[in-house]
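Residue numbers (the UniProt record's numbering): 1 to 433.
In what follows, a structure is listed as structure tokens, so that the remarks can point back to it.
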Amino acid sequence: MTLPAETVLPTNPKPQKRNGLSGQLLTAFPAFESPNFRRYFPGQVISMIGTWIQMVAQGWLVLEITGSAFDVGLAAAASTLPTLFLSLLGGVVVDRYPRRTILLWTQSAAMLLAFVLGLFAVTGTVTIWIILVLSFLLGCVNALNVPALQAFLSEIVEREHLASAIAMNSAIYNGSRVIGPAIAGFLISATGTGTAFLLNGVSFFAVILSLLSMKNTLIEPAAKTSQNPLQSIREGLSYAWGHPVIRTSIFFIAVISIFAWSYVTMLPVIAKRTFGMDASGMGYLYGVSGLGSVVGTVLVSIYSRKIDRLVFIAGGTILFALALIGFTYTTHLPAALFFLFVSGFGLVSAVSTLSATIQGTVDDRFRGRVMSLYMMIFMGFMPIGNLEIGYLSEHFGTGIAIRIGCVVTILAAVTLIFTSRGVRKAYSSYKAS
């Protein structure tokens, strides 16, 4: 299978030599050459730390209220389910309207929902149904926010720095997994979950201020069109299906979303039942996994120009699955932390490389719709994985549930390695633009 005639893979410009520490840092992380990205980065870091604080606190709160591993997975599913149904429509909106304006509205809405959940928790009136409803509403917001955020990166960095920006954006998400859960564990132990939710609400001010401080972006949004939204969606789906690299990447991310990423929702259960940890100890499990993810994204940013992308995607996925299987078999905490570190490193190396590959090949006219499709699969299929792992954990044990997902993930990675020659060649020849 070969690439469509209209697809031209970007060439790999030779990086300029830079002297001094700052020059070396820019060589390794060229996205920071953009003033707007430098404004974006700290605001997003603070906001994502708050998001992880809420994610961890919510899982712990659900476990305290119901004592059910299935309910922990159900609450996580409620926050991602709307993505499955609304993301494609969100992609149409992202391709038609200014993305910074969209992000200002979605970040403000998410902030309001965090404050509402925090008030219910602080006053002791929170119930599992309140958590499910607010999680569902947050998922509706994210169905528009996530594709807008992914597409917005192409507006604040030069195209040749896009892979670095995506890797750094992934580093923000996963670096927050180191800091956020640790803060969440301390807050839960000291003041309860309500404070954690309120702190997340406050964190949104940082990203809103960073968006307001940005100057003119590099790409103007497409002109408004009278095209029917359903026709726009069909056009985007047809484009994605006809592009072998995008099509293969989306199929692979579907497997990761269902069978790999869902292990994160079971960490509160493992912390409490396997290691007898309190909320602070649970934060260590999240943090170590996040630290491995940060290392993975940094290496992707530095070496994406030099190493075959298929190595990061398939190799990283297999490494993740083998390490996570090791994690399920150990009750020795230092060994468990090591396996979590390696699994986080492998998984995020693969996911960030997949995202960078799609962003680097997609036509700007379809960027919002293609990224909405990517995020619809990635986040929208997570409820399937969360419910699946919650059900299997409840009936057969958490270790068995995680290992089943790992085996499926390994099989998918092996299939990717031995897939059609044209797709392999496309992955191998594509370099970060």
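Note that CB positions come from ideal geometry on N, CA and C, so glycine has one too.
In the DSSP assignment, Gly-67 falls outside any alpha helix (DSSP H), carrying neither H nor E.
Taking the CA atoms as reference points, Pro-181 sits about 24 Å from Gly-316.
Here Trp-241 is exposed: its Cβ has fewer than 16 other Cβ atoms, across all protein chains shown, within 10 Å.
The DSSP assignment places no complete run of the beta strand (DSSP E) inside the stretch 110-165 (cut-off: 3 residues). Judged by beta-carbon spacing, Leu-324 lies within the 8 Å limit of Phe-339, meaning their Cβ atoms are closer than that value.
Beta-carbon to beta-carbon, Gly-385 and Ser-257 are separated by about 6 Å, close enough to satisfy the 8 Å threshold. Annotated three-state conformation of Thr-265 is helix, per DSSP. Look at Asn-386 here: in three-state DSSP terms it is helix.
The three-state secondary structure of Met-277, taken from DSSP, is coil. Ala-121 places its beta carbon less than 8 Å from that of Gly-194. About 5 Å separates the beta carbons of Ala-143 and Pro-82, which is inside the 8 Å limit, making them a contact pair. A direct Cα-Cα distance of roughly 23 Å separates Val-207 from Phe-378. Between the stretch 359-367 and the stretch 72-89 there are fewer than three C-beta pairs closer than 8 Å, too few to call the two in contact.
In this structure the stretch 99-109 does not touch the stretch 405-418; the number of beta carbon pairs closer than 8 Å is below three. DSSP, reduced to helix, strand and coil, places Lys-272 within a helical segment of the structure shown. Counting along the chain, the unbroken alpha helix (DSSP H) around Ser-352 starts and ends at 333-361. Scanning its chain for C-beta atoms nearer than 7 Å, with the 5 sequence neighbours on each side dropped, one finds around Leu-267 the residues Met-282, Leu-285, Tyr-286, in chain order. For Asn-200, the enclosing alpha helix (DSSP H) begins and ends at 193-213. Between the alpha carbons of Phe-37 and Ala-151 lies a gap of roughly 13 Å. For Arg-247, the CB contacts under 7 Å within the same chain, skipping 5 residues up- and downstream, are Ala-240, Trp-241 in chain order.
Between Pro-383 and Thr-191, the gap from beta carbon to beta carbon reaches 8 Å or more. Under the three-state reduction of DSSP, Asn-36 is assigned to helix. Counting along the chain, Thr-415 sits inside the alpha helix (DSSP H) bounded by residues 398-417.
Per DSSP, Val-311 lies in no alpha helix (DSSP H) and is assigned neither H nor E. Distance from the CA of Phe-115 to the CA of Phe-197, rounded to the nearest whole angstrom, comes to 7 Å. The beta carbon of Thr-66 lies closer than 7 Å to those of Ile-128 in the same chain, with the five residues before and after it left out. Residue range 244-255 is occupied by the alpha helix (DSSP H) that includes Thr-248.
Shown here for Leu-237: not one same chain residue has a beta carbon closer than 6 Å to its own, the five before and five after excluded.
With respect to Ala-69, Gly-390 sits close: the two C-beta atoms are nearer than 8 Å. For Leu-187, same chain residues with a beta-carbon under 6 Å away, outside a window of 5 residues either side, are Thr-195, Ala-196 in chain order. Here Gln-231 is exposed, its C-beta having fewer than 16 other C-beta atoms within 10 Å.
In the structure shown, the three-state DSSP call for Phe-381 is coil. Per DSSP, reduced to three states, the secondary structure at Pro-98 is coil, with no helix or strand assignment. Note that the C-beta distance between Gly-405 and Tyr-173 is not below 8 Å. Apart from sequence neighbours up to five positions away, the residues of its chain that approach Met-111 with a beta-carbon distance below 6 Å are Gly-201, Phe-204, ordered along the chain.
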